[in-house]
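Going by our numbering, 132 is the number at position 146 of the sequence shown; the sequence numbering is gapless. Data first, discussion second: the structure below is written as structure tokens.
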Amino acid sequence: MYQTALDQLVLLFEPYAEAVVVADANNTVLYVNPAFTALTGYQCSEVTGKRHTDLLIVRVNYHVNTDRWEARINTKTNGQLWVRVSETRLGEEWDGKIIYTLVENHGLEQLKGLLKESETRFSSLADASPVMIWMTDPDNLCFYLNKAWLEFTGKPLEEQVGVGWLKLVHDEDLNKFNDLNDLLQERRQYSLEYRLLRKDGVYRHIMEIGTPRYLPDGTYAGYMGSCLDITDLKKAQHELANYTAELKRSNEELEQFAYVASHDLQEPLRMISSYIQLIKKNLETGRPPQETFEFMNFVTDAVARMQMLISDLLQFSRLNRKGLPFAPVDLNAVANAAIINLTQRISENNAKITLDNLPTVTGERSQLTRLFQNLIDNAIKFRSPDRIPEVHISVKEDENRYVFCVSDNGIGIEDKHYHRIFVIFQRLHARSEYEGTGIGLAICRKIVELHGGEIWVDSCYGKGSCFYFTLKK
Ligand code: ADP
């Protein structure tokens, strides 16, 4: 009986234990054997005429120049099988037909199982971690977020994959991610701080460390990162920095006190001591009482001066934060109270005082009155002899604070002294020229600092000065 080439092949492969596909030279399926049907569920009639690659075999692992490769085949039940395929091209006498023999690849299945187990192990470890963990693909698009992240943001994974999570980053911190691009290109590890929106609507400070990921063959696979909420840590750090600054400030103050005690208070004491010596000598030698009286006056002056220094020092040291009853204070009322306290000084000098409409701030009324009073008092005291003193109080504001300015047309200050004048008992003039102890501006500085502000001076020597200070809104 005459048999076609295909008939002969069918006869040959029908009882074969391994799955066989016979295709023509163009890879159109001509026949599959019962073992193939048993493996995939597809009857011969269902697949003949189809291209083998279309329906049945998806080649996944090419071994170039070999006729053996691995493939994934679809089964009729929509499942997939991993198989090893060997491909035999028959000669001319068989019209160039191709025989594929398929053997199920259990080893690969096992590997898949191991992979799955390792993936499960990773995700259960990552999900049990209190640290937020994410992963991106080689295009830096996020595809994995662990439970801690999802719980923190309160949003489903679908909304955050790709670049969706960036919507939760604080607007002002988004540029930090643009700045990262170069590092990512170079596949470098990085650390970054930014604010991320928590599910309760509060932005929290996040510390993130990102590390590049590689496949076993060295191919770049994306980044993996871990994030910690460091808000509480930052707060503690901030408080510590504040305490340190406060400690530094009070240490400096202590040093100044020591300096004052050893220098400024010594000066009248030295005077008292030397005049007492002279008085003693006068009494011993019987010199005219007129001179002795004069010496005694010097002693009285020095005692008075010492009393003044001590009472100033006491006032200064009593200014502190403890128990300050901060309340809303209308600074128009405060400035007017200061002006009333200075009525005599103002009228003696014919001084002209003007003020802008001033805001209400949170503070301590009597301290703020003292601040305005000291600055206005100085503005008149250090007047130029050839001009009527003019003092103006103005205010500007920015987002968080008011900036006040007390300006005058007085004698001005050389810029080399700008810093010194705010130190306790530091003066630029002799007592005979302008009275005072040099405590006024030190008190101003302390009051402003106790209110969380700053004070500084700007001046045009010979023309006038502007004393600036800030108060919180
Ligand atoms: P005092 O007024 O008792 O000298 P302050 O601490 O108030 O002490 O001022 C320190 C020094 O700063 C003054 O001695 C003076 O030299 C300078 N000063 C303060 N205010 C003015 C001002 N408005 N114009 C010029 N100099 C000033």
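Beta carbons are placed, not taken as given, at the ideal position from N, Cα and C, and that holds for glycine.
Residues bridged to residue i (per DSSP)
i, result
"residue 314", "348"
"residue 530", "A query on residue 530 cannot be resolved here, the shown segment of the chain reaching from -13 to 459 and no further."
"residue 38", "Paired residues: none, contrary to the question."
"residue 90", "69"
"residue 198", "209"
"residue 391", "380 and 454"
"residue -4", "Bridge partners of residue -4: none, in fact."
"residue 148", "128"
"residue 17", "8"
"residue 466", "Since the first and last residues shown for the chain are -13 and 459, residue 466 lies out of range."
"residue 214", "193"
Residue i: first and last residue of the uninterrupted beta strand (DSSP E) it sits in
i, result
"residue 291", "Careful: residue 291 lies outside any beta strand (DSSP E), inside the alpha helix (DSSP H) at 275 to 304."
"residue 122", "118 to 122"
"residue 163", "Note, residue 163: premise wrong, no beta strand (DSSP E); alpha helix (DSSP H) at 160 to 165."
"residue 181", "176 to 183"
"residue 382", "376 to 383"
"residue 129", "128 to 131"
"residue 413", "Run containing residue 413: none; DSSP gives neither H nor E here."
"residue 339", "338 to 341"
Any non-hydrogen atom of the ligand ADP closer than 7 Å to residue i Cβ
i, result
"residue 397", "yes"
"residue 413", "yes"
"residue 422", "yes"
"residue 427", "yes"
"residue 394", "yes"
"residue 195", "no"
"residue 368", "yes"
"residue 365", "yes"
"residue 360", "yes"
"residue 236", "no"
"residue 407", "yes"
"residue 380", "no"
"residue 451", "yes"
Inter-residue CB distance, residue i and residue j (contact presumed, cutoff 8 Å)
i, j, result
"residue 296", "residue 337", "With a Cβ gap of about 30 Å, residue 296 and residue 337 do not count as contacting."
"residue 305", "residue 353", "7 Å"
"residue 310", "residue 350", "5 Å"
"residue 35", "residue 63", "Not confirmed; about 22 Å, so no contact."
"residue 73", "residue 86", "6 Å"
"residue 335", "residue 375", "5 Å"
"residue 363", "residue 328", "6 Å"
"residue 128", "residue 148", "6 Å"
Span of the alpha helix (DSSP H), counted from its first residue to its last, around residue i
i, result
"residue 332", "329 to 335"
"residue 22", "20 to 26"
"residue 32", "30 to 33"
"residue 271", "252 to 271"
"residue 8", "Segment 5 to 9 is the beta strand (DSSP E) holding residue 8; no alpha helix (DSSP H) there."
"residue 435", "426 to 436"
DSSP-derived helix/strand/coil call for residue i
i, result
"residue 50", "Summary for residue 50: the model assigns pLDDT 48, below 50, so the residue's position carries little reliability; its value from the coordinates is reported in the next sentence. Coil."
"residue -13", "Confidence at residue -13 is low in this model, with a pLDDT of 48, below 50, so its placement is unreliable and no value can be given for it."
"residue 418", "coil"
"residue 441", "strand"
"residue 372", "coil"
"residue 190", "strand"
"residue 356", "helix"
"residue 76", "coil"
"residue 203", "coil"
"residue 81", "coil"
"residue 173", "coil"
"residue 63", "coil"
"residue 224", "helix"
"residue 423", "coil"
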